[in-house]
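> Residue numbers (the numbering used here): 1492 to 1810. Dumping the structure here so I can ask a few things about it.
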């Protein structure tokens, strides 16, 4: 079985860890990772979602945080602060710095982001084929109005420094409209037996991937069933502040509204949590097969059960 998954950071990475447990050794997973969160700091190219996927699946993640490296130290950041060089609000640990240094050196030498990601995965052995959504530069920005007036800030500043405390007025994936899918992305989608949308942020993770011309159309045209899992349970995000960015695109923070926003032209199936069983009828009325199952990723075993439910629904809609 060839499985393709579109994924952001923490939620996507944890789901994929369960998915690996749920499939057989002969099955293959290709992950198309969001690069809209990418940011340049200290002269380095930082890819938060790709790194979270790589560290989580490779066994190097800080489990409690869900991002960054385990057993991290912060000497470089402390020294940068002594020099008065910021930003202080974005944490890059010493081990993490090494990843960004290697990536930036390779990019400067002329390698593409796809090639760099493949090289980094040789060290981490994530057990999946990890592809960036694009080799072109795409950065998600958020329009806000605060004491400094109306302006656009990088998504990382909105999420990490401002903690999404200011209303998001618009989400702009800068550069997405002219970006091209990375090599292998469209081919993987076309050859897939199942396509999964893990419980990642539907606007700034999955939505940004779909904003790259050709990717959404490829999913819609793929012969494989497309099944998603709701990141919203009981009217609230399981993790993070997805409700803030959903509001910016005019979508209610409910399991049904997220599914209907993706639409029946993209989704064949949708899983909601048992707490949202009442949403099943509304989703199915929109032309999307829907089931209610436990969706809390409390551990790898529970997450593997979620993955099995998604694969089972894919088989049902295929039939």
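Each residue gets a CB set at the ideal place from its N, CA and C atoms; glycine is no exception.
What residue range does the alpha helix (DSSP H) around residue 1604 cover?
For the purposes of this step, residue 1604 is taken as residue 113 along the chain shown, with counting starting at 1. Element bounds for residue 1604: 1604 to 1615.
> How would you call residue 1577, buried or exposed, if buried means at least 16 neighbouring beta carbons within 10 angstroms?
The residue labelled residue 1577 in the question sits at position 86 within the chain shown. Residue 1577 should be labelled exposed.
> Which residues in the same chain as residue 1588 place their Cβ atom closer than 7 Å to its Cβ, once the five residues preceding and following it in sequence are excluded?
Taking the first residue of the chain shown as position 1, residue 1588 is located at position 97. Cβ within range, chain order: 1567.
> From residue 1534 to residue 1592, what distance separates their C-alpha atoms?
Locating residue 1534 in the chain shown gives position 43, counting from the first residue. Locating residue 1592 in the chain shown gives position 101, counting from the first residue. So the two alpha carbons sit approximately 9 Å from each other.
> Is residue 1700 closer than 8 Å to residue 1525 when the C-beta atoms are compared?
Within the chain shown, numbered from 1, the residue matching residue 1525 stands at position 34. Within the chain shown, numbered from 1, the residue matching residue 1700 stands at position 209. Against a cut-off of 8 Å, the Cβ pair of residue 1700 and residue 1525 comes out as a contact.
> Alpha carbons only, please: which of 1500, 1498 and 1494 is nearest the one belonging to residue 1516?
Indexing the chain shown from 1 puts residue 1516 at position 25. With distances taken between Cα atoms, residue 1516 lies closest to 1494.
> If you scan the segment 1653 to 1716 from start to end, which runs of the beta strand (DSSP E) of 3 or more residues do you find wholly inside it?
Taking only runs of at least 3 residues, the beta strand (DSSP E) segments lying wholly in the segment 1653 to 1716 are 1661 to 1665 and 1685 to 1688.
> Assuming residue 1527 and residue 1695 make a contact with CB atoms under 8 Å, what is their CB distance in whole Å?
One-based indexing of the chain shown puts residue 1527 at position 36. One-based indexing of the chain shown puts residue 1695 at position 204. Right, the Cβ-Cβ distance comes to about 6 Å (below 8 Å), so this counts as a contact.
> Would you kindly work out how many angstroms separate the C-alpha atoms of residue 1806 and residue 1760, rounded to a whole number?
As a working mapping, residue 1806 is identified with position 315 in the chain shown. As a working mapping, residue 1760 is identified with position 269 in the chain shown. Answer to the nearest angstrom: the Cα atoms are 10 Å apart.
> Quick check for students: name the residue ranges of the alpha helix (DSSP H) that lie wholly in the segment 1536 to 1589, counting only runs of 4 or more.
You should have 1539 to 1549 and 1566 to 1573.
> For the beta strand (DSSP E) holding residue 1734, just list the boundary residues, first then last.
Counted from its first residue, the chain shown places residue 1734 at position 243. Note, residue 1734: premise wrong, no beta strand (DSSP E); alpha helix (DSSP H) at 1733 to 1739.
> Ordered along the chain, which non-local residues of its own chain (more than five positions away) have a Cβ less than 8 Å from that of residue 1745?
In the chain shown, the residue the question calls residue 1745 occupies position 254. Cβ within range, chain order: 1723, 1726, 1767 and 1770.
> Under the assumption that residue 1512 contacts residue 1791 (Cβ atoms under 8 Å), give the Cβ distance between them as a whole number of angstroms.
By one-based count along the chain shown, residue 1512 stands at place 21. By one-based count along the chain shown, residue 1791 stands at place 300. Rounded, the Cβ-Cβ distance is 6 Å, consistent with contact.
> Kindly indicate which three-state DSSP category residue 1721 falls into: helix, strand or coil?
Within the chain shown, numbered from 1, the residue matching residue 1721 stands at position 230. Here residue 1721 sits in coil by DSSP.
> To the nearest angstrom, report how far apart residue 1735 and residue 1650 are at their CA atoms.
Reading the chain shown from its first residue, position 244 is the one you call residue 1735. Reading the chain shown from its first residue, position 159 is the one you call residue 1650. Computed Cα separation, rounded: 10 Å.
> Where DSSP assigns a beta bridge to residue 1591, which residues make up the other side?
If you number the chain shown from 1, residue 1591 lands on position 100. Residue 1591 pairs with nothing; no bridge assigned.
> Could you spell out where the alpha helix (DSSP H) holding residue 1514 opens and where it closes?
The sequence position of residue 1514 within the chain shown is 23, counting from 1. Where residue 1514 is concerned, there is no enclosing alpha helix (DSSP H), given that its DSSP letter is neither H nor E.
> With DSSP as the reference, please indicate the residues paired to residue 1497 in a beta bridge.
Translated into the one-based positions of the chain shown, residue 1497 becomes position 6. DSSP lists 1523 as partners of residue 1497.
> Please identify the residue among 1674, 1625 and 1641 whose C-alpha is closest to the C-alpha of residue 1665.
Working through the chain shown from its first residue, we reach residue 1665 at position 174. Cα-wise, what sits closest to residue 1665 is 1625.
> Can you find the residues in the same chain that come closer than 6 Å, C-beta to C-beta, to residue 1692, ignoring five residues on each side of it along the sequence?
As a first step, residue 1692 is located in the chain shown; it is residue number 201 there, counting from the start. Correct list, in chain order: 1499 and 1733.
> What did DSSP end up calling residue 1503 once you bin it into helix, strand or coil?
Here the question's residue 1503 lines up with position 12 in the chain shown. The answer is helix: DSSP assigns residue 1503 an H, G or I state.
> Assuming residue 1507 contacts residue 1619 (C-beta within less than 8 Å), just tell me the rounded distance between them.
Your numbering for residue 1507 matches position 16 in the chain shown. Your numbering for residue 1619 matches position 128 in the chain shown. So it is a contact: roughly 7 Å between Cβ atoms.
> Between residue 1679 and the rest of its own chain, which residues show a CB-CB distance below 6 Å, the 5 nearest in sequence each way excluded?
Within the chain shown, numbered from 1, the residue matching residue 1679 stands at position 188. Answer for residue 1679: 1495 and 1521, listed in chain order.
> For residue 1731, which residues in the same chain have their Cβ closer than 7 Å to its Cβ, ignoring the five residues on either side in sequence?
For the purposes of this step, residue 1731 is identified with residue 240 of the chain shown, where counting begins at 1. Answer for residue 1731: 1692, listed in chain order.
> By DSSP, does residue 1794 sit in helix, in strand, or in coil?
Position 303 of the chain shown, counted from the first residue, corresponds to residue 1794. It is helical.
> Could you name the residues that DSSP lists as bridge partners for residue 1637?
Here residue 1637 refers to the residue found at position 146 of the chain shown. Its beta-bridge partners are 1640.
> Which runs of the beta strand (DSSP E) at least 3 residues long sit entirely within the segment 1738 to 1789? Give them in chain order.
Those beta strand (DSSP E) runs which fall completely within the segment 1738 to 1789 and span 3+ residues are 1760 to 1763 and 1780 to 1783.
> Which residues does DSSP list as the beta-bridge partners of residue 1805?
Here residue 1805 refers to the residue found at position 314 when the chain shown is read from its first residue. Residue 1805 pairs with nothing; no bridge assigned.
> With a threshold of 8 Å on Cβ separation, who are the neighbours of residue 1707 within its own chain once the five nearest residues in sequence on each side are excluded?
If you number the chain shown from 1, residue 1707 lands on position 216. For residue 1707, where only same-chain residues beyond five positions count, the Cβ hits under 8 Å are 1701 and 1757.
> So, helix, strand or coil for residue 1727, using DSSP?
Locating residue 1727 in the chain shown gives position 236, counting from the first residue. Strand at residue 1727.
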